[in-house]
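Comments concern the structure below.
Residue numbers (full-length UniProt numbering): 1 to 170.
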């Protein structure tokens, strides 16, 4: 039998403590963590803020992965974004004066995945169809819609990060 840790997360079986309907969301987020940590292992710091052909930098993707999960999971809790979250959103993709290392950005992303998994584990499946507003305009969604979009959006940026890092290291 193949090593279960080498299989994609969704093929490793159910995750303990995660409601059945949220298993695919948790699987996608954990898969994203595995892939991001692997692709960024040993990534040259000098390329972190480079935008090849005008594409978003690897640092932007790492910041955005963290930020989008934080924001969408906040909306799923029926909470408004805080001033701190809005400031972080405005700074995504902008290199801070103090700079971030690959390791720091990965630590922040990994913590955000942990927080998301915790929130999923605490979510009552009976609340998944509850309406939630998104953004200042309070665009319509549901708890499930926010969680699924968080997983989908995360994987989309993981793919973009993969291409960008390969181009930069090519």
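All C-beta atoms in this analysis are idealised placements derived from N, C-alpha and C, irrespective of residue type, glycine included.
Is the distance from the Cβ of residue 15 to the Cβ of residue 32 below 8 Å? no
Could you tell me the distance, in whole angstroms, from the CA atom of residue 41 to the CA atom of residue 69? 22 Å
Can you tell which of 156, 155 and 134 has the C-alpha that lies nearest to the C-alpha of residue 146? For residue 146, the nearest C-alpha among the options comes from 134.
Residue 41: first and last residue of the uninterrupted beta strand (DSSP E) it sits in: Here residue 41 belongs to no beta strand (DSSP E), and DSSP marks it neither H nor E.
If you scan the UniProt domain "DinB-like" (29–161) from start to end, which runs of the alpha helix (DSSP H) of 4 or more residues do you find wholly inside it? 58–76, 83–91 and 102–121
Using the C-alpha atoms, what's the distance from residue 128 back to residue 46? 43 Å
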